[in-house]
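In order, the protein sequence lines correspond to chains P and Y. Using this note's numbering, read the first sequence as starting at 79 and increasing by one per residue. Using this note's numbering, read the second sequence as starting at 108 and increasing by one per residue. Each remark here refers to the structure printed beneath this line.
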Amino acid sequence: MNAVLNLLKPFASLKLTVVLLALSMFLILAGTLAQVDQGVWLVVDSYFRSIYVAIPFQLFVPRKLAEIPGVLPFPGGATLGVLLFVNLVAAHLVRFKLAWNRAGMIVTHAGVLLLLVGEFVTGAFAKEGNMTIAEGESANYIEDTRSCELAVIDGSDPKDDLVIVVPGQILEDAAGADLSNGLLPFTVRILEWMPNSRLLGPMQASPAQLSRASAGFGKQVAAVPARVASGVDGAGTDFPAAYVELRSGESSLGTYLVTTQLRSLQSVDVGGKRYDLALRFERRYRPYTVKLVDFRHDRFVGTEVARNFSSLVRLSDPAQRVDREVLISMNNPLRYAGETFYQASFAPDDSGTVLQVVRNPGWLLPYISCTLVTIGLLWHFGIRLAGSFRRKLA
Amino acid sequence: MKSFPRFFPIVVALCVLAFMGSAIARSFAAGDRARGVALEDIERLPVSAGGRTKPLDTFARNTLLRLSGRQTFEVDDARRSATEWILELWTDPSAAAERRVFRIDHPDVKSLLAISDTARTRFSWKEMEPKLDEVVRQAELAQQVSRKQQDPFQRAIADLYGKLSEYAEVRALRTPYVVAPLAAGEEWAPMVVVDPHEKGKTSINDSESARAFQAILVTYSTGDSANCERAVAAYTARLNASLAPEMQRGAFEVVFSRLEPFYQSSALYMLAFLLGCVGLLAAPISPDRWKPSLFRAAIVVIAVAFVVQTFGLCARIYLQGRPPVTNLYSSAVFIGWACVPLALFGEWFSRVGILSIAASFIGFATLIVAHNLSASGDTMEMMQAVLDTNFWLATHVVVVTIGYSATFLAGFIAIFYVLGGACTRLLAGEAMKALPKMIYGVICFAALASFVGTVLGGIWADQSWGRFWGWDPKENGAAMIVAWNLIILHARWGGMIRERGVAAMAIAGNVVTAWSWFGTNMLGVGLHSYGFMDSAVFVLSAFCLSQLLLMAVAFVPTAKWKSLQPA
């Protein structure tokens with residue numbers, strides 16, 4: 079036992095705590111500044127959930143003043159989190175002593191550990207997605223707006239669609255090249271890949287832009303690349319788009335514009351057989367369906383400021399014998415089947431709702447942690463304060 | 108005369124109470140008259156703007172504030188009320204066009220308007236009229252550039268264009284909505300409605316309250332004061348019947364605006380600060396008589412200021428039906444308010460006098476910050492849907508703001524400790540021992556409040572969109588405050604730093620807090636673009652630099668600290 083404690087001793091030092099906290103703080107600052115240019119999720123992955131991160135020096139100097147090359151190698155959030163965890167556990171094991179005046183600190187630190195565990199569970203297991211439902215319609219899938227897929231749908235079977243999907247990452251990596259696979263009925267040549275795009279209507283786009291596509295809705299609308307949404311812009315969604323040429327053998331089936339901004343399918347004729355084509359956000363299907371009965375979006379009189387949003391939905395899950403109506407509104411989510419549905423946004427002209435759907439097995443941990451830390455700190459500082467009071471009044 | 112120091116605090120208390128008494132009396136006194144009409148009842152008439160029902164007085168003040176940076180205007184060098192301005196705008200637009208209510212600072216904008224008198228900062232519509240087309244053209248050019256990329260001139264011209272359109276909207280009676288809903292199912296409506304189908308076609312509202320409002324304006328414009336007052340009284344009676352709660356709140360809001368409790372309390376905090384400083388200076392000369400007397404007087408003044416500020420906060424809670432912190436403006440008011448009792452509590456503990464100086468300084472400084480944040484108009488704007496929850500506003504926002512307050516307080520006590528201790532002998536003795544303890548205690552409290560407040564914010568986020576922690580700039584700012592307080596505490600517990608180290612780090616805490624309070628908001632404006640030279644960014648940078656210099660003072664070796672040298 080003593081041998082173990084001796085081994086732990088170097089990890090239990092308060093100096094290490096201070097150093098780790100200082101490093102964390104610097105990492106948070108860098109991760110905040112990085113969001114001026116980068117999307118928040120990219121930053122979360124590369125700074126806060128990584129083992130190692132290369133921080134560009136340029137972050138700390140406005141580009142107007144000077145261009146500075148080079149990066150600072152730095153431990154990532156995961157490394158610092160694990161080290162803080164070890165440090166904290168080691169400190170309590172080495173110095174453990176049960177006493178009333180130390181109980182507060184033990185409880186507080188237990189809460190802090192839970193918080194670290196909670197963030198780890200969230201990073202590893204939480205899944206977020208959206209459900210976009212037009213009024214009167216229903217959805218049985220969740221879209222992950224952080225990744226997209228190219229879907230090729232064979233609807234020839236009247237009972238079930240056969241859907242072949244190509245993940246967006248593969249499309250992005252193959253930009254400028256050809257993609258083929260035994261499952262795909264045609265070869266896909268990625269002429270241009272846009273991580274985020276802006277759609278130009280028939281009146282906005284130039285004839286040259288409209289002539290890029292030879293089939294599908296790309297003849298009426300065009301897409302141009304847009305800046306990827308950065309963290310400080312708020313949680314903006316990127317809408318990937320691509321110009322793809324479909325080829326069957328040596329012959330071209332046409333050049334299509336595919337974009338996540340338009341939900342309509344485009345049909346492709348391959349030797350007399352019809353396929354539907356769509357670039358869409360990655361879908362995860364669910365055994366239940368959510369039908370939007372009514373969407374409300376009230377504004378304050380004479381302004382565009384939202385007073386409230388709410389979606390009256392019908393939740394049905396035949397296997398579980400569930401069929402009921404629920405009102406989801408701001409700050410009043412629906413929890414069902416391990417997932418939570420939040421009122422997140424709405425479709426243009428209030429024609430439908432966007433629900434944020436989150437599955438996070440660790441969602442309860444911060445609640446417990448907050449309670450523990452509050453009690454612990456009140457206890458600890460309360461004892462100290464009471465001591466000072468006694469001395470003062472004595 | 109020997110006992111005068113003993114009575115001095117009482118004299119100060121009486122003066123301060125008299126000052127407040129007269130301010131209160133003035134805010135309840137009958138208001139101004141214009142064209143023979145008592146404006147008081149017109150000031151209280153409700154209108155709706157920004158989704159909030161408010162008295163006409165508030166709307167007029169806020170509009171004038173946005174246009175001119177002041178809540179009053181001048182006629183022949185005499186100050187006149189905002190309500191009088193808006194009535195003139197509605198009843199005699201050509202006279203109103205000569206009032207200098209547009210504030211313009213940028214020299215290039217002035218030269219664009221061909222204004223020769225460049226020393227002046229306020230201009231009238233009439234002066235600009237010949238150049239309106241050019242202003243519109245320039246503004247349209249500027250609007251093709253995103254706000255982030257605009258240069259100072261483009262911003263100034265876009266702002267001026269915004270002011271001109273707001274002025275035109277108000278003059279045309281499209282804003283605010285003046286037609287009150289008198290029956291159930293009715294909603295606030297504008298007097299003049301623009302036809303959405305036919306360009307340039309407008310129609311005039313013909314409901315009961317619209318006609319009543321028109322009657323007031325018509326009689327006012329002809330100077331028929333007796334009938335005007337009668338029309339106001341009749342309409343008020345009608346409104347009292349159907350909009351009783353709004354009318355009650357409105358009447359109170361008019362008094363609240365006149366009293367300006369935050370302005371009064373900032374003046375009092377300033378006075379307390381001066382009294383405290385004089386007390387500090389008097390310490391070597393009269394340590395037993397004038398020093399305690401002046402400190403006591405300072406505490407008395409702080410107490411009165413605190414009561415006035417508390418009244419202001421409560422009034423806002425009543426008027427808004429919301430917890431005290433709803434926007435950046437109210438966070439500034441609240442931070443100062445929360446610091447004061449904390450500091451007075453510390454003062455009671457340590458009896459060093461410095462803490463009351465710190466309290467009054469923070470009270471004054473935060474109210475100045477708040478004042479500068481209020482220039483954009485109504486500080487009681489309606490809440491976005493996601494913020495529309497009194498529970499979380501009352502818990503997370505209040506607790507986290509108290510955390511910010513405490514971190515600032517620790518930082519400011521540390522400044523006094525470092526400056527007073529290293530550069531003067533004023534703190535020799537007891538204060539040099541007591542102050543570090545106070546800094547430490549306040550940091551403990553700050554750590555508790557900022558941690559709990561931040562985690563509560565995460566829980567709110569989890570309730571609202573299912574993400575406890577999203578690593579966005581604002582959340583990160585809060586996390587940095589928590590981390591910084593924890594670093595100070597752990598470094599001290601580990602013996603890595605002592606009194607001076609804690610003080611230096613507490614001063615750095617000011618930088619961290621200022622960053623997450625304001626800096627994170629500025630990221631959006633583009634730290635990497637022209638926004639960098641914006642005045643707010645400049646002030647923030649200057650503040651941070653000053654704090655770094657103060658930290659440097661803390662590193663002067665103790666042997667050189669004047670207050671630590673033997674007498």
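Backbone N, C-alpha and C fix where the C-beta goes; we use that ideal spot for every residue, glycine too. As the structure is a computational prediction, the values presented were derived from the model and not from experiment.
- At least one CB of chain Y lies nearer than 8 Å to the CB of P/M408.
- Residue P/L193 holds the alpha-carbon nearest to the alpha-carbon of P/Y445 among P/L261, P/R180 and P/L193.
- Within the stretch 403 to 484 of chain Y, the complete alpha helix (DSSP H) runs of at least 4 residues fall at 435 to 457 and 461 to 480.
- In the three-state scheme derived from DSSP, where H, G and I count as helix and E and B as strand, P/A108 is classed as helix.
- Under the criterion of beta carbons closer than 8 Å, Y/V609 and Y/A529 do not qualify as touching, at roughly 15 Å.
- Unbroken beta strand (DSSP E) runs of no fewer than 3 residues, entirely contained in the stretch 121 to 159 of chain P, are found at 130 to 134 and 149 to 153, following chain order.
- Buried is the label assigned to P/N208, since at least 16 other Cβ atoms lie within 10 Å of its Cβ.
- Here Y/Q672 carries a coil assignment [DSSP, helix/strand/coil].
- If you draw a straight line from the Cα of P/V400 to the Cα of Y/G428, it comes to about 39 Å.
- The beta-carbon of P/Y321 is placed no less than 8 Å from the nearest beta-carbon of chain Y.
- Checking the DSSP bridge columns, you'll see P/E270 partnered with P/Y321.
- At a cut-off of 8 Å between beta-carbon atoms, P/T452 makes contact with chain Y.
- Per DSSP, the beta-bridge partners of P/A217 are P/V368.
- Listed in chain order, the non-local C-beta contacts of Y/Q245 below 6 Å within the same chain comprise I264, local neighbours out to five positions each way being set aside.
- Assignment of P/G430 by DSSP, reduced to helix, strand and coil, places it in the strand class.
- By alpha-carbon distance to Y/R133, the top candidate from Y/R365, Y/D215 and Y/V242 is Y/R365.
- Taking C-beta atoms as the reference points, P/P151 and P/A132 count as a pair closer than 8 Å.
- Each residue's CA atom was taken as its position, placing Y/S129 and Y/A136 some 10 Å apart.
- Here Y/K581 carries a helix assignment [DSSP, helix/strand/coil].
- The C-beta of Y/G548 has 16 or more other C-beta atoms within 10 Å across all chains shown, which makes the residue buried.
- The DSSP-derived three-state label of P/F264 is coil.
- For Y/F320, the uninterrupted alpha helix (DSSP H) run begins and ends at E315 to S328, by DSSP.
- When the beta-carbon positions are compared, P/A156 and P/I184 stay at least 8 Å from each other.
- Ranked by how close their Cα comes to the Cα of P/Y321, the residues P/V371, P/H375, P/A253 and P/Y125 have P/A253 in first place.
- Setting aside the 5 residues that flank it on each side, Y/T160 is surrounded in the same chain by P153 and E353, each with a C-beta closer than 6 Å to its C-beta; the list follows chain order.
- Among the residues of the stretch 332 to 365 of chain P, none has a Cβ less than 7 Å away from any Cβ of chain Y.
- Taking a Cβ-Cβ threshold of 7 Å, none of the residues of chain P is close to Y/R605; the smallest such distance is about 14 Å.
- Per the C-alpha coordinates, the member of Y/F471, Y/I131, Y/S571 and Y/Y524 positioned closest to P/I406 is Y/S571.
- When only Cα atoms are considered, P/L370 and P/V241 end up about 25 Å apart.
- For secondary structure counted as the beta strand (DSSP E) over 3 or more consecutive residues, the stretch 328 to 353 of chain P holds these complete runs in sequence order: 329 to 337 and 344 to 348.
- Bounds of the alpha helix (DSSP H) holding Y/P214 are P214 to L219.
- In the DSSP assignment, P/N386 falls within the unbroken beta strand (DSSP E) covering A384 to D395.
- The beta carbon of P/Q113 falls within 8 Å of a beta carbon belonging to chain Y, placing the residue at that interface.
- Y/L480 is the residue among Y/F126, Y/F468 and Y/L480 whose C-alpha sits nearest the C-alpha of Y/A439.
- Residue pairing by DSSP puts P/Q421 in a beta bridge opposite P/L433.
- Only buried fits Y/Q371, as 16 or more other CB atoms lie within 10 angstroms of its CB.
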